[in-house]
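K.L.:
Residue 177 in this note's numbering sits at position 152 of the sequence shown; the count goes up by one each step and never skips.
Think of the CB as a built atom: it goes at the ideal place given N, C-alpha and C, for glycine as much as any other residue.
As the structure is a computational prediction, the values presented were derived from the model and not from experiment.
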Amino acid sequence: MLLRAVLPVLAAEGRTLVHGLGLRIGGDGERWAASLGFARSHGWVRQQLVVADADPALWDVPLPAGYRLEQWSDVTPESLVASYARAKGAIHDAPSGDSSFRFPEWTVERVRQAEAECRERGVEQRVVAAVHEADGEVAGLTELEVHPANPGEAEQQQTAVLAEHRGHGLGLCLKSAMMLRLLSDRPAIVQVGTTTAADNVHMQRVNGQLGYVTVRAMTEVEAEVAALRRRLE
Ligand SMILES: CC(C)(COP(=O)(O)OP(=O)(O)OC[C@H]1O[C@@H](n2cnc3c(N)ncnc32)[C@H](O)[C@@H]1OP(=O)(O)O)[C@@H](O)C(=O)NCCC(=O)NCCS
Numbered sequence: 026m027l028l029r030a031v032l033p034v035l036a037a038e039g040r041t042l043v044h045g046l047g048l049r050i051g052g053d054g055e056r057w058a059a060s061l062g063f064a065r066s067h068g069w070v071r072q073q074l075v076v077a078d079a080d081p082a083l084w085d086v087p088l089p090a091g092y093r094l095e096q097w098s099d100v101t102p103e104s105l106v107a108s109y110a111r112a113k114g115a116i117h118d119a120p121s122g123d124s125s126f127r128f129p130e131w132t133v134e135r136v137r138q139a140e141a142e143c144r145e146r147g148v149e150q151r152v153v154a155a156v157h158e159a160d161g162e163v164a165g166l167t168e169l170e171v172h173p174a175n176p177g178e179a180e181q182q183q184t185a186v187l188a189e190h191r192g193h194g195l196g197l198c199l200k201s202a203m204m205l206r207l208l209s210d211r212p213a214i215v216q217v218g219t220t221t222a223a224d225n226v227h228m229q230r231v232n233g234q235l236g237y238v239t240v241r242a243m244t245e246v247e248a249e250v251a252a253l254r255r256r257l258e
């Protein structure tokens with residue numbers, strides 16, 4: 026009923042695709058979606074880091090030469106926002122399987138808009154960025170959110186390193202620094218979760234080194250709005 030109700034709204038807005046995330050493989054949700062004609066488009070894994078089970082020594086990671094770390098919450102410093110927006114574009118290199126979803130082209134305006142949306146929702150957005158000392162530009166970043174309704178848990182968001190800066194362990198360094206700073210500022214955090222593409226070997230290797238364990242295999246599904254309307258209306 027909910028899907029049927031929302032389809033005309035989507036069509037009126039000119040949207041063509043319905044896209045579902047985080048369905049447990051073989052679970053009731055996936056069976057329901059498949060019965061309506063949704064097709065699997067990409068595999069994902071849910072990973073969790075339980076603070077009490079983790080070894081903080083894993084997060085003692087040296088910073089590669091030639092970089093410095095910067096961190097902030099909620100508002101990107103004006104001096105870094107242009108190169109931060111550029112570095113966020115490195116997320117386009119993440120594997121996307123058969124999914125039609127594409128991350129946006131990040132601009133300074135979009136970064137500021139996303140920050141405003143987090144503020145409106147009361148979400149704390151924490152960022153750690155690696156700055157390339159030679160040119161002062163952001164080379165890589167990791168983002169994490171803490172939601173007001175769930176102060177004991179944090180959710181890792183995007184991590185991305187520009188292609189020309191990969192292979193120095195910046196991903197591990199950034200996410201380690203994030204863990205140390207998060208727990209120092211917010212000792213009440215008991216666990217951190219993240220969702221990573223099932224075929225993203227590079228990100229999953231880093232997560233494993235930090236102490237994340239995979240707790241669930243999931244799939245993303247999608248279906249054309251027009252096909253769903255033919256079936257349901
Ligand atoms: C995940 C990511 C941040 C890791 O970057 P990193 O910290 O520089 O990776 P590492 O230093 O651990 O790399 C280890 C090895 O894997 C290689 N590697 C890392 N990422 C790679 C990629 N996306 N494609 C090909 N090779 C890659 C490195 O070159 C290095 O190879 P080497 O040992 O021969 O030098 C980076 O791959 C990336 O930005 N990917 C695109 C965005 C993404 O997938 N983000 C995760 C989704 S939230």
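1. Among the candidates M243, E247, R93, whose CA atom is the shortest distance from the CA of Q72?
2. At a threshold of 6 Å, does V186 count as lining ligand 1 (C-beta to nearest heavy atom)?
3. Looking at the secondary structure, which residues open and close the beta strand (DSSP E) in which G54 lies?
4. Given 6 Å as the limit, tell me if L195 has its C-beta closer than that to any heavy atom belonging to ligand 1.
5. So, using beta-carbon positions, are M203 and V153 closer together than 7 Å?
6. Could you have a look at S98 and say whether DSSP puts it in helix, strand or coil?
7. Report yes or no: do three or more beta-carbon pairs, one from the region 37-53 and one from the region 242-256, lie closer than 8 Å?
8. Verify whether the separation of the beta carbon atoms of E247 and V156 is less than 7 Å.
9. How is M243 classed by DSSP in three states: helix, strand or coil?
10. Under 7 Å, do V215 and G177 count as touching if we go by C-beta distance?
11. Quick one: grab the DSSP three-state call for W84.
12. With burial defined as no fewer than 16 other Cβ atoms inside 10 Å of the residue's Cβ, what is the status of N175: buried or exposed?
13. Taking only the alpha-carbon atoms, compute the straight-line gap between L32 and E103 and give it to the nearest angstrom.
14. If H67 and S124 are in contact, beta carbons under 8 Å, what's the gap, nearest whole angstrom?
15. Within a Cβ cutoff of 6 Å, which residues of the same chain sit near G147, ignoring the five residues on either side of it in sequence?
16. Using only the alpha-carbon positions, how far apart do E249 and M26 sit?
17. Run through DSSP, which three-state label would E38 get?
18. Helix or strand or just coil, what does DSSP make of H117?
19. Do you know offhand how far L74's Cα is from F126's?
20. Assign S108 to one of three DSSP states: helix, strand, or coil.
21. In angstroms, rounded to a whole number, what distance separates the CA positions of D99 and D78?
22. Tell me which residue opens and which closes the beta strand (DSSP E) that S66 is part of.
23. I'd like to check one pair, G236 with L83: are the Cβ atoms closer than 7 Å?
24. With a 10 Å radius around its C-beta and 16 neighbouring C-beta atoms as the bar for buried, classify L257 as buried or exposed.
P.N.:
The relevant details are as follows:
1. For this step, residue 72 is matched to residue 47 along the sequence shown. Check the Cα spacing between Q72 and each of M243, E247, R93: the tightest is with M243.
2. Indexing the sequence shown from 1 puts residue 186 at position 161. At least one heavy atom of ligand 1 falls within 6 Å of the beta-carbon of V186.
3. As a position in the sequence shown, residue 54 is number 29, starting the count at 1. G54: not part of any beta strand (DSSP E); member of the alpha helix (DSSP H) spanning 53-60, first to last residue.
4. Residue mapping note: residue 195 aligns to position 170 of the sequence shown, counting from 1. Yes; taking the cut-off as 6 Å, the Cβ of L195 has a heavy atom of ligand 1 nearer than that.
5. Numbered from its first residue, the sequence shown carries residue 203 at position 178. Numbered from its first residue, the sequence shown carries residue 153 at position 128. Result yes, Cβ atoms of M203 and V153 sit closer than 7 Å.
6. Here residue 98 refers to the residue found at position 73 when the sequence shown is read from its first residue. Of the three classes helix, strand and coil, the one that applies to S98 here is strand, per DSSP.
7. Contact between the region 37-53 and the region 242-256 is present, because at least three Cβ pairs lie under 8 Å.
8. Residue numbering aside, residue 247 sits at position 222 when the sequence shown is read from its first letter. Residue numbering aside, residue 156 sits at position 131 when the sequence shown is read from its first letter. Taking a C-beta distance under 7 Å as the contact criterion, E247 and V156 do not qualify as a contact pair.
9. Reading the sequence shown from its first residue, position 218 is the one you call residue 243. M243 falls in the strand class under three-state DSSP.
10. Reading the sequence shown from its first residue, position 190 is the one you call residue 215. Reading the sequence shown from its first residue, position 152 is the one you call residue 177. Closer than 7 Å, so yes.
11. Within the sequence shown, numbered from 1, the residue matching residue 84 stands at position 59. Note: W84 maps to helix in three-state DSSP.
12. Within the sequence shown, residue 175 is the residue found at index 150, counting from 1. By the 10 Å Cβ count, N175 comes out exposed.
13. Looking up residue 32 in the sequence shown gives position 7. Looking up residue 103 in the sequence shown gives position 78. In a straight line, the C-alpha of L32 is about 41 Å away from that of E103.
14. For the purposes of this step, residue 67 is taken as the residue at position 42 of the sequence shown. For the purposes of this step, residue 124 is taken as the residue at position 99 of the sequence shown. Yes, they are in contact, since the Cβ atoms of H67 and S124 sit about 4 Å apart, within 8 Å.
15. For this step, residue 147 is matched to residue 122 along the sequence shown. Contacts found: P173.
16. As a position in the sequence shown, residue 249 is number 224, starting the count at 1. As a position in the sequence shown, residue 26 is number 1, starting the count at 1. Spanning the two alpha carbons is a distance of roughly 17 Å.
17. As a working mapping, residue 38 is identified with position 13 in the sequence shown. Three-state result, E38: coil.
18. Residue numbering aside, residue 117 sits at position 92 when the sequence shown is read from its first letter. H117 falls in the helix class under three-state DSSP.
19. Locating residue 74 in the sequence shown gives position 49, where the first residue counts as 1. Locating residue 126 in the sequence shown gives position 101, where the first residue counts as 1. Rounded to the nearest angstrom, the two C-alpha atoms are 27 Å apart.
20. Here residue 108 refers to the residue found at position 83 of the sequence shown. Note: S108 maps to helix in three-state DSSP.
21. The sequence position of residue 99 within the sequence shown is 74, counting from 1. The sequence position of residue 78 within the sequence shown is 53, counting from 1. So the two alpha carbons sit approximately 29 Å from each other.
22. As a first step, residue 66 must be located in the sequence shown, where it is residue number 41. For S66, the uninterrupted beta strand (DSSP E) run begins and ends at 64-75, by DSSP.
23. Taking the sequence shown and counting its residues from 1, the one referred to as residue 83 is at position 58. Taking the sequence shown and counting its residues from 1, the one referred to as residue 236 is at position 211. Cβ atoms of L83 and G236: closer than 7 Å.
24. Stepping through the sequence shown from its first residue, residue 257 is reached at position 232. Under a 10 Å Cβ-count criterion, L257 is classified as exposed, with fewer than 16 other Cβ atoms of the shown protein chains found around its own Cβ.
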